[in-house]
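Residue numbers (our numbering), protein chains in the order written: chain A, 1 to 149; chain B, 1001 to 1149.
One structure is given below, encoded as structure tokens.
2 protein chains.
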Amino acid sequence: MVDTAREADLGMLVGQLGRALQEELFAKLAEQGHREVRPRHGTVLAFLPPEGARATELARRSGQHKQIVGVIVDELVELGYVRREPDPRDRRAKLVVPTESGLDEIGKARAILALIERRHRQDVGEEAYRIFKAALERIALSQRSWQQS
Amino acid sequence: MVDTAREADLGMLVGQLGRALQEELFAKLAEQGHREVRPRHGTVLAFLPPEGARATELARRSGQHKQIVGVIVDELVELGYVRREPDPRDRRAKLVVPTESGLDEIGKARAILALIERRHRQDVGEEAYRIFKAALERIALSQRSWQQS
DNA sequence: TATTGATAGTCAATATTTATGACTAAATGG
DNA sequence: CCATTTAGTCATAAATATTGACTATCAATA
């Protein structure tokens, strides 16, 4: 007899947590005036420095395909959150640069996440949360470097 | 100046880890003979006890809508992983019960995840991993109980 | 028992998100 | 100059999630 459903595994927990985080984040972003931004826009906005970045770089950081990033950037341009500028160092490339509105969204999203994190830090305890976050960073990095054996 | 892209937040990390876990899990499941199972099938299979469960219960546990669960169960029936049985206690309800093949998939998926977890446990250390996992469980549970204020 | 409100599951339509392959233009390294 | 790689786009398909409405059944009770 196969033993099922006794203990939550990493996959379930990460999936559940991800969905729940997303729900709160986008509900609050909408409350704060960013009603049109959708979850996948985060794969660009969350990784976008103020001075801008190339689409390929955003794809690499977020772990998504460059094709998706291209489409997402199109939508963000449409929403007025970013603009495309030529990259002076490489005429093939374009820099994706946040607008004022984009910087506002990024700031608010970070603030919301920071509040959520503070809530959980108080819940599980300072020290445990510190270890949790450090482990999560290391595990995420390590898991992303998994290659088909 | 808005401070962007300094430190990875919970949302990014969880998203990246989730995608990366999914990639390894389904690549290995395919290697082990389960080539047709797709990520969302996990929302049913991962939470399915050997004796079966109701669709609504699966929806509640996984945090997904019951409509999606219904479609997923349809697909799993098609794939031969589960069957629907009437629930003797309630004529409205149906029990979703894993078949032999379903139990095989569930067992293999759990084994793959367990191996992945062992890898990360050795990487970050026994004690840190224990704290990480306990915090993750607590945080996932707590975050799921967030309600629109 | 007849009525009322809640629950389990499904149908249908839409919205959203991700994946695949091919292609152009430009850079890079001889 | 040439071969190879890289940045980005186009087009199409596949996968995934959301919404509202609907039927059958249950549960409680007047």
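Here a beta-carbon is modelled for each residue, glycine too, at the ideal position from N, C-alpha and C.
Residue i to residue j span [Cα, whole Å]
i               : j               : result
E1031 (chain B) : A1109 (chain B) : 12 Å
A1114 (chain B) : L1025 (chain B) : 11 Å
R1040 (chain B) : I68 (chain A)   : 20 Å
G1125 (chain B) : K1133 (chain B) : 12 Å
I139 (chain A)  : H1120 (chain B) : 6 Å
L45 (chain A)   : I106 (chain A)  : 6 Å
I116 (chain A)  : P88 (chain A)   : 39 Å
G70 (chain A)   : R118 (chain A)  : 33 Å
A1055 (chain B) : R1061 (chain B) : 10 Å
E1007 (chain B) : D90 (chain A)   : 28 Å
E1036 (chain B) : T99 (chain A)   : 43 Å
R1130 (chain B) : R1019 (chain B) : 22 Å
D1009 (chain B) : V73 (chain A)   : 21 Å
G1015 (chain B) : D1123 (chain B) : 20 Å
E1159 (chain B) : G1042 (chain B) : A question about residue 1159 (chain B) goes unanswered here, because the residues of chain B that appear run from 1001 up to 1149.
E127 (chain A)  : Q1147 (chain B) : 27 Å
L1013 (chain B) : L136 (chain A)  : 7 Å
Residue interval of the alpha helix (DSSP H) (run including residue i)
i               : result
V44 (chain A)   : G42 to L45
E75 (chain A)   : K66 to L79
V1014 (chain B) : L1010 to E1031
R1061 (chain B) : A1055 to S1062
S1142 (chain B) : E1126 to R1144
Own chain residues within Cβ distance below 7 Å of residue i, not counting five before or after
i               : result
H65 (chain A)   : A59
V97 (chain A)   : G52, V82, R83 and E85
L1103 (chain B) : P1050
G1063 (chain B) : R1144
S101 (chain A)  : G80 and Y81
K168 (chain A)  : As shown, chain A starts at 1 and ends at 149. That puts residue 168 (chain A) outside it, with no answer to give.
Endpoints, beta strand (DSSP E) assigned at residue i
i               : result
E1085 (chain B) : V1082 to P1086
V1097 (chain B) : K1094 to P1098
Other residues of its chain near residue i: CB distance less than 6 Å, five sequence neighbours each side excluded
i               : result
Q1022 (chain B) : P1039
A1047 (chain B) : The identity of residue 1047 (chain B) in the sequence shown is Phe, whereas the question assumes Ala. Cβ within range, chain order: L1058, R1061 and S1062.
L1095 (chain B) : G1052, E1085 and D1087
Proximity test, residue i beta-carbon vs the ligand MN heavy atom, cut-off 7 Å
i             : result
I68 (chain A) : The model depicted lacks the ligand MN and carries no ligand whatsoever.
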